[in-house]
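Using the working numbering, read the sequence shown as starting at 3 and increasing by one per residue. Following: one structure in structure tokens, then a few remarks.
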Amino acid sequence: LYFAMRDYLLLGRITAETFCERMNRILNELPDDIRKNQMNFIANHDVPRPLTMAGGNRAAVCAALALIAFLDGEACLYYGDERGMLGGDDPKNRGVIDWTTDDQALHACVRNLLHLRESVLSSPLRRAECIRLADGRVQVKAVRESGTYLLLLNPYQTDAGGYEIKNGELLLSSCGFELIFQPADRS
Numbered sequence: 003l004y005f006a007m008r009d010y011l012l013l014g015r016i017t018a019e020t021f022c023e024r025m026n027r028i029l030n031e032l033p034d035d036i037r038k039n040q041m042n043f044i045a046n047h048d049v050p051r052p053l054t055m056a057g058g059n060r061a062a063v064c065a066a067l068a069l070i071a072f073l074d075g076e077a078c079l080y081y082g083d084e085r086g087m088l089g090g091d092d093p094k095n096r097g098v099i100d101w102t103t104d105d106q107a108l109h110a111c112v113r114n115l116l117h118l119r120e121s122v123l124s125s126p127l128r129r130a131e132c133i134r135l136a137d138g139r140v141q142v143k144a145v146r147e148s149g150t151y152l153l154l155l156n157p158y159q160t161d162a163g164g165y166e167i168k169n170g171e172l173l174l175s176s177c178g179f180e181l182i183f184q185p186a187d188r189s
């Protein structure tokens, strides 16, 4: 999961189609017990910070954070990523947190995603799929016991919102993604 997110969302090395192929392999070929318990991260002590990899593109980082909050498994945040810490290859990714600066928008995005993960996205995942939409965005569809959730990813979106929502309720919109809920009878 990390390499798919890194290559598409943070670095732009692969196309949306290739990203969805990789995601669908992960979502559909991993045994349930592994997928439900895997560690989902976009940063740790061995890799550069996501905001550094993305060249300062906050939308790309928010989209990647939304994806790890959206899927089954353990959502892991590396200290300082919620604040927008920068850092390259090891050891530059292990810097001390600068408590005098804080990326408020990124911090709010993380806070809202974690709240949604706990309150809304906690019901068991039945199936999921990733598709590239005609407008260039990527949609990750997750069917859970509580209904169907659509995560629309656009790592190059500079503002929140602006998309027409049909047959659903917008749960969260931030630069880089939108999360939509469709009641269970529509899945």
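In this text, a Cβ means the ideal position worked out from N, Cα and C, and glycines have one as well. Bear in mind that the values here come from a model prediction, so they are computed numbers and not experimental data.
Judging by CA-CA distance, which residue of Leu69, Leu32, Gly90 and Lys38 is the nearest neighbour of Tyr4?
Taking the sequence shown and counting its residues from 1, the one referred to as residue 4 is at position 2. Comparing Cα-Cα distances from Tyr4 to each of Leu69, Leu32, Gly90 and Lys38, the minimum goes to Leu69.
How long is the line joining the alpha carbons of Val112 and Ile28, rounded to whole angstroms?
Your numbering for residue 112 matches position 110 in the sequence shown. Your numbering for residue 28 matches position 26 in the sequence shown. About 24 Å.
Under a three-way DSSP split, which group does Ser121 fall into?
For this step, residue 121 is matched to residue 119 along the sequence shown. Looking at Ser121 - three-state DSSP - the assignment turns out to be helix.
Keeping to the same chain, check which residues put their C-beta closer than 7 Å to that of Pro126; ignore five residues upstream and five downstream.
Position 124 of the sequence shown, counting from 1, holds the residue named residue 126. The residues are Arg146 and Glu147.
Contact set for Asp9: own chain, Cβ-Cβ below 6 Å, skip 5 residues either direction:
Residue mapping note: residue 9 aligns to position 7 of the sequence shown, counting from 1. So the list reads Arg15 and Ile16, once near-sequence residues are dropped.
Determine the DSSP secondary structure at Asn95, reduced to helix, strand or coil.
Indexing the sequence shown from 1 puts residue 95 at position 93. Helix, per DSSP.
Just to confirm, is the Cβ distance from Ala66 to Leu11 under 8 Å?
Locating residue 66 in the sequence shown gives position 64, counting from the first residue. Locating residue 11 in the sequence shown gives position 9, counting from the first residue. Yes. Within cutoff.
Rounded to the nearest angstrom, what separates Phe43 and Val122 at their Cα positions?
Mapped onto the sequence shown, residue 43 falls at position 41. Mapped onto the sequence shown, residue 122 falls at position 120. The straight-line gap from Cα to Cα measures roughly 20 Å.
Between which two residues does the alpha helix (DSSP H) containing Arg134 stretch?
Within the sequence shown, numbered from 1, the residue matching residue 134 stands at position 132. Taken as a continuous stretch (DSSP letters only), Arg134 belongs to no alpha helix (DSSP H), being part of the beta strand (DSSP E) at Leu127 to Arg134.
Is the stretch 46-56 touching the stretch 83-101 in the sense that three or more CB pairs, one from each, lie closer than 8 Å?
yes
Sorted by chain position, which residues of the same chain lie with C-beta nearer than 6 Å to Glu84's C-beta, five sequence neighbours on each side aside?
The residue you call residue 84 lines up with position 82 of the sequence shown. Closer than 6 Å at the Cβ level, and outside the excluded window around Glu84, lie His109 and Val112.
Alpha-carbon spacing of Gly149 relative to Met7, whole angstroms
Position 147 of the sequence shown, counted from the start, is the residue given in the question as residue 149. Position 5 of the sequence shown, counted from the start, is the residue given in the question as residue 7. Whole-angstrom Cα-Cα distance: 25 Å.
Determine the contact status of Leu153 and Phe183, defining contact as a CB-CB distance below 8 Å.
Start at 1 with the first residue of the sequence shown, and residue 153 comes out as number 151. Start at 1 with the first residue of the sequence shown, and residue 183 comes out as number 181. Not in contact: Leu153 and Phe183 (Cβ atoms no closer than 8 Å).
On the premise that Gly138 lies in contact with Ala45, defined as a C-beta separation below 8 Å, what is that separation, rounded to the nearest angstrom?
As a working mapping, residue 45 is identified with position 43 in the sequence shown. As a working mapping, residue 138 is identified with position 136 in the sequence shown. Wrong, their Cβ atoms sit about 26 Å apart, outside the cutoff.
Which of the three DSSP states is assigned to Leu115 in this structure?
Locating residue 115 in the sequence shown gives position 113, counting from the first residue. It is helical.
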